[in-house]
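The block underneath contains the structure these notes are about, expressed in structure tokens.
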Amino acid sequence: MTPVNSKKTPFTFESVEPESGLRAALGMSRADIIGEVGACNLRGRGGAGFPTGTKWNLAAAAKVKAGGTKYVVCNADEGEPGTFKDRVILSDHADMVFEGMTIGARAIGATVGILYLRSEYVYLRPHLEQVLERRRAGNLLGQDIGGLAGFSFDIHLHMGAGAYVCGEETALIESLEGHRGEPRNRPPFPVDTGFEGQPTVVNNVETFAWVVCVLSRGAHWFKSIGTEKSTGYKLFSVSGDCREPGVYEFPLGITVGELLEKVGGQGAKAVQIGGASGHCVPASEFGRRIAFEDLSTGGSIIVLGPGRDMLAVARNFMEFFVEESCGQCTPCRAGNAKLLGGVEMLQRGECSMNYLQELLALCETMQLASKCGLGQSSPNAFVSIVKHFKDEIMGRTLAH
Amino acid sequence: MSADTRQDLNSSRAPMSQKAQQVTPSGSDAAGYIGGLVSVNIDGKDHKVPLGTTILEAARQVGIKIPTLCHHPDLCVAGVCRMCVVEVENQRALQAACAYPVTAPLKVKTHTAKVRQARRHVIDLLLSTHYGECYSCKRNNNCELQTLAQEHGVDFYRFGHVTESQYPIDRSSYSVIRDPDKCVLCRRCVRTCIDVQEVGVLEAVGRSDKTRIGTYLDKPLGDVVCINCGQCINRCPTGALHANDASDEVWRAIDDPKKHVVIQTAPSPRAGIGECFGLEPGTPMTYQMNTALKLCGFNKVFDTNFSADLTIIEEGTELLMRLYKALVKNEPVALPQFTSCSPGWVKYLEHFYPEYIPNLSSAKSPQQMFGAVIKTYYAKLNNIDPKDIVTVALMPCSAKKFECNRPEMDSSGFKDVDYGLTTRELAQMIKEAGINLPDMPKGEFDDPFGTATGSGVIFGATGGVMEAALRTVIELVTGAKVESLFENANIAPVRGFDGVRYVELPLPEVAPDVIPLLAHLIPSWDFLKGATLKVAVAHGTANAKKVMENIKAGGQFSQCHFIEFMACPGGCIGGGGQPIPTSPEIRKARARAIYEEDAACEVRKSHENPAVLKLYGDFFTDGPCGHLSHKLLHTHYTARGKFIG
Chain P
90 MTPVNSKKTP
100 FTFESVEPES
110 GLRAALGMSR
120 ADIIGEVGAC
130 NLRGRGGAGF
140 PTGTKWNLAA
150 AAKVKAGGTK
160 YVVCNADEGE
170 PGTFKDRVIL
180 SDHADMVFEG
190 MTIGARAIGA
200 TVGILYLRSE
210 YVYLRPHLEQ
220 VLERRRAGNL
230 LGQDIGGLAG
240 FSFDIHLHMG
250 AGAYVCGEET
260 ALIESLEGHR
270 GEPRNRPPFP
280 VDTGFEGQPT
290 VVNNVETFAW
300 VVCVLSRGAH
310 WFKSIGTEKS
320 TGYKLFSVSG
330 DCREPGVYEF
340 PLGITVGELL
350 EKVGGQGAKA
360 VQIGGASGHC
370 VPASEFGRRI
380 AFEDLSTGGS
390 IIVLGPGRDM
400 LAVARNFMEF
410 FVEESCGQCT
420 PCRAGNAKLL
430 GGVEMLQRGE
440 CSMNYLQELL
450 ALCETMQLAS
460 KCGLGQSSPN
470 AFVSIVKHFK
480 DEIMGRTLAH
Chain Y
13 MSADTRQDLN
23 SSRAPMSQKA
33 QQVTPSGSDA
43 AGYIGGLVSV
53 NIDGKDHKVP
63 LGTTILEAAR
73 QVGIKIPTLC
83 HHPDLCVAGV
93 CRMCVVEVEN
103 QRALQAACAY
113 PVTAPLKVKT
123 HTAKVRQARR
133 HVIDLLLSTH
143 YGECYSCKRN
153 NNCELQTLAQ
163 EHGVDFYRFG
173 HVTESQYPID
183 RSSYSVIRDP
193 DKCVLCRRCV
203 RTCIDVQEVG
213 VLEAVGRSDK
223 TRIGTYLDKP
233 LGDVVCINCG
243 QCINRCPTGA
253 LHANDASDEV
263 WRAIDDPKKH
273 VVIQTAPSPR
283 AGIGECFGLE
293 PGTPMTYQMN
303 TALKLCGFNK
313 VFDTNFSADL
323 TIIEEGTELL
333 MRLYKALVKN
343 EPVALPQFTS
353 CSPGWVKYLE
363 HFYPEYIPNL
373 SSAKSPQQMF
383 GAVIKTYYAK
393 LNNIDPKDIV
403 TVALMPCSAK
413 KFECNRPEMD
423 SSGFKDVDYG
433 LTTRELAQMI
443 KEAGINLPDM
453 PKGEFDDPFG
463 TATGSGVIFG
473 ATGGVMEAAL
483 RTVIELVTGA
493 KVESLFENAN
503 IAPVRGFDGV
513 RYVELPLPEV
523 APDVIPLLAH
533 LIPSWDFLKG
543 ATLKVAVAHG
553 TANAKKVMEN
563 IKAGGQFSQC
573 HFIEFMACPG
583 GCIGGGGQPI
593 PTSPEIRKAR
603 ARAIYEEDAA
613 CEVRKSHENP
623 AVLKLYGDFF
633 TDGPCGHLSH
643 KLLHTHYTAR
653 GKFIG
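These protein sequences, in sequence, are chains P and Y.
Under our numbering, think of the first position of the first sequence as 90, with each following residue one higher.
Under our numbering, think of the first position of the second sequence as 13, with each following residue one higher.
Written out as structure tokens, the structure reads:
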């Protein structure tokens, strides 16, 4: 099955010479590679935005426990509703992802790489296996990679089984180990105690691809794009009520309004930025920037047109979280169900202002006390919809 | 975490998320470390704690109680209930105090508005799905959820309250009843079953608000590899797990004038039952209990220590016979011999190591021996029709309920033991009778089994069966007094709480004669002259597993002659029928009570128990391991494997 080509802009990846990043890295010391990745201020493209250089530096400094090795894991469990850019990268630029993982392995001293692939992307597996085989044959994986004596690294694929929470890096690691996909307590962090208890770097698909560009073109080039705190380009998965849905590359710092213009989404009522776990931005705030310091996203942009019922939007997201909470911690397991119940009450016009306030307080607890990012971010959409569309949603009470 | 339940962190069955936290100082703020100590500011006051101490532990050390639910002193960290969240400076989210090791200087606030709101919400959410009424719950007044709700001022159901049962109660097991409606998903039972016991019957199943604790293929508990140890019950914070209560049946028997109801009391309940009456752990209630039991209406009160002594004679004889057959007659016999008095351990072996069933002593447990003796010897002696006798066993154990219902336990022609009561159930019966146990005057055990020995008492603690057996075997074989080898006959090397203990005892000299009781079985002890007796002790089935795997691999333990296995951590004093809560400290206190009772006994050795000797003289006239003893005091086992419950 060949997915429709949904690329709407040229990608920088297309213009970067294959293996130029790895070639550069093989000529550098480990510290210099990490230095370059740190200097460009590349931040995780999965959405959390943790500085990649810092992560690699911690993993490089961490000690391997007896008889083990360090790991580089590519998080390809692209599960956030409205996100599909990693699928396009893996389809069209798989080499670049594996090249980035190889650079990461060189930087932190890992010998094993694992690409954790979302179960729904199983159709990509033959293609990815083929690319890996070709890279092995080309001495880009295996022993003495690129002629660098002693640099051994290989990558294998691991299929997910359909749980959204496994995109959370510690749940992903639990899943890799064959356990239920449930987030771990942090600390310790994966850079110190990750897969099999060993230092492990987990990065998003897109992050690895950008690493290649950074090594190929230099940190200065990357830093010249975007904002001071959010450097470089970012891929966006745009869907919803717009004329041209698809995958776009824009510099970080682009405003919501600018983006809407490019995708044919003018006149939108709101934009959901960051998927189900993101924020719902009303038209009055379309001047805000999409960047880690303002509206952070892993790339999901869902345009909500003027005709959209915001309670239906909220219900859709809450149903998702009630389905996908791992069920481990109390606030997320029981809290999401209560929020969904609240949305249903609002739809029926039966939710009192008082109970709505209780639910908003519960949202704060979920954001503060849940064990992992899933529960901490699952109330975001509900909170922002209640905040920005209070008249619309409470109107049901009056109408009832 | 204490030595007796310390888990093997490399155990492949324990998920990483549930293993102890790895401690790695960040090094960025070296000024904070002083000789392995790190400074932590809790609620405005500076303290120094050892590096890696959790915030929860650090707070407890300075007298600040952070509420917990999924945390348990015997178990590794889970961090799932989120009850213990605190504010840590410079962290956006609240942090679970139980799971956060202090590896760099920290500022912590334990009860800010955000923290209090979060904790209250956690309780509100748990109550919203917690079906059932406190009044009709086994854990009323001893429930951690109830206490938390009370301490946090819950006076209404903020997020509603489930009004219909979501799950059926599983009553399939003779021992453990599961009521998933009351489960708060703390997973203490899961961690107990996987980590402490390495049985792994319980695991979280399903996702999100459909998450529940399940069994293999959702089979009822009576049909899976559950060993009935009840350790999950002891660690359940609510009433989601409880023992299969037999007190109603026992009351009915007492109320029936035609029935002669006798109760035997095991050593461990007497060391624990005081806790149900507000006494400190380790306060023995042996003789007060005798009086209370008579007041409740039991016709006779016997001491299980009597049949523990009987077990030592039977099991010890069996061991000496096995050694004799192996060393003198070159007959193939299974060695090492394993103890068989812990029914949890027996079922564990039947499930996981059925090929080692020949190694299990065929001797019944003290509970079952006593039942058989009561319905034969005692019935005859007192001219009572055994069908009118109801034998009740007070045990610290939930697995004893399963054991007394094993179909083979009826060699007297009747069920050896009719009902097993746990310590908790008896405490409730005593309260129901309006008796405050600590106020009772002391009363004696009844004849003809009255006098027991210290050896019988120590059966309750891990290593106790081995010590009792060694006291007898050493004296019979060497002819020397145990006191000449071990001060006060306390065989210290087999005591303590280390998960596995291994002891070698050289037998340089042997007695010139075999005592008359055994002379017809073994003509001389010469074959043991110069031999070294190798014995081992393991408690908690995770430790038993280590020993069994070692034996399978032909390791050190395969060379042992005799190994004591107890299913529960700490032995019977930590049994699944004992008062809740449990912790390493509580178990230590109960063990202390047991050893003190032993030290105070006039007779300390099973083979010197006059009532036991009289029983062999009057009833089991063909001696230990003889024909009648084989019929009444020995049993056989079932290879269950993984699929027979």
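Idealized CB from N, CA, C, for every residue including glycine.
Isoleucine 470/Y sits buried, since 16 or more C-beta atoms from the chains shown fall within 10 Å of its C-beta. With the criterion set as a beta carbon lying under 9 Å from some beta carbon of chain Y, the members of the region 271-282 of chain P are Glu271, Pro272, Arg273, Asn274, Arg275, Pro276, Pro277, Asp281 and Thr282, in sequence order. Restricting attention to Glu415/Y, Lys427/Y, Val515/Y and Asp400/Y, the CA atom closest to the CA of isoleucine 266/Y is found in Asp400/Y. Nearest CB-CB separation between proline 468/P and chain Y: not below the 7 Å threshold. DSSP places asparagine 469/P inside the alpha helix (DSSP H), whose first and last residues are 469-477.
Taking the Cα positions, cysteine 248/Y is about 9 Å away from glutamate 156/Y. About 13 Å separates the beta carbon of glycine 388/P from that of lysine 97/P, a gap too long to meet the 8 Å contact definition. For the region 408-426 of chain P, residues whose beta-carbon sits nearer than 9 Å to a beta-carbon of chain Y comprise Phe410, Val411, Glu412, Glu413, Ser414, Cys415, Gly416, Gln417, Cys418, Thr419, Pro420, Cys421, Arg422, Ala423, Gly424, Asn425 and Ala426. Taking a Cβ-Cβ cut-off of 9 Å, serine 51/Y has no neighbours in chain P, whose nearest Cβ is about 18 Å from it.
Collapsing the DSSP output to three states places cysteine 369/P in a strand. The three-state secondary structure of glutamine 209/Y, taken from DSSP, is coil. When DSSP states are grouped into helix, strand and coil, isoleucine 656/Y belongs to the coil group.
Shortest Cα-Cα distance from threonine 435/Y to any of Asp630/Y, Ile275/Y and Val217/Y involves Ile275/Y. Contact with chain P is absent for serine 177/Y, since none of that chain's Cβ atoms lies less than 7 Å from the residue's Cβ.
For threonine 454/P, a Cβ of chain Y is located within less than 7 Å of the residue's own Cβ.
With distances taken between CA atoms, leucine 519/Y lies nearest to Thr544/Y out of Pro535/Y, Thr544/Y, Glu176/Y and His639/Y.
Linking serine 385/P to glycine 138/P through their CA atoms gives a straight-line distance of about 8 Å. Going by C-alpha positions, tyrosine 514/Y is about 54 Å away from phenylalanine 297/P. Fully contained in the region 115-197 of chain P are the following alpha helix (DSSP H) runs of length 4 or more, in chain order: 119-128, 141-150, 174-181 and 183-197. For histidine 84/Y, there is no enclosing alpha helix (DSSP H), as DSSP marks it with neither H nor E. Nearest to proline 581/Y by alpha-carbon distance, out of Lys57/Y, Pro85/Y and Ile78/Y, is Pro85/Y. Our two residues, tyrosine 368/Y and alanine 384/Y, have alpha carbons roughly 26 Å apart in a direct line. For proline 279/Y, the uninterrupted alpha helix (DSSP H) run begins and ends at 279-284, by DSSP. Using a Cβ-Cβ cut-off of 7 Å, lysine 126/Y is close to Leu457 of chain P, given in chain order. Around the C-beta of leucine 229/Y, fewer than 16 other C-beta atoms lie within 10 Å, and the residue is accordingly described as exposed. According to the DSSP secondary-structure assignment, arginine 513/Y is paired through a beta bridge with Val549/Y.
Per DSSP, the continuous beta strand (DSSP E) segment holding asparagine 292/P begins and ends at 289-293. The alpha-carbon of threonine 316/Y is positioned some 9 Å away from that of phenylalanine 461/Y. Per DSSP, reduced to three states, the secondary structure at lysine 121/Y is strand. Under a 10 Å Cβ-count criterion, glycine 356/P is classified as exposed, with fewer than 16 other Cβ atoms of the shown protein chains found around its own Cβ.
For the region 202-215 of chain Y, the set of positions with a beta-carbon nearer than 9 Å to some beta-carbon of chain P reads Glu215 in chain order. Close to glutamate 447/P, with beta-carbon spacing below 7 Å, are these residues of chain Y in chain order: Arg170. For alanine 458/P and histidine 363/Y, the gap between their C-alpha atoms comes out near 41 Å. Taking 7 Å as the threshold, the shortest C-beta distance from arginine 604/Y to chain P does not fall below it.
Here histidine 59/Y has Ser51, Val52, Asn53, Ala70, Gln73 and Val74 as same chain residues with Cβ atoms under 8 Å from its own Cβ, once five neighbours each way along the sequence are excluded.
Note: methionine 578/Y is bridge-paired with His551/Y in the DSSP secondary-structure output.
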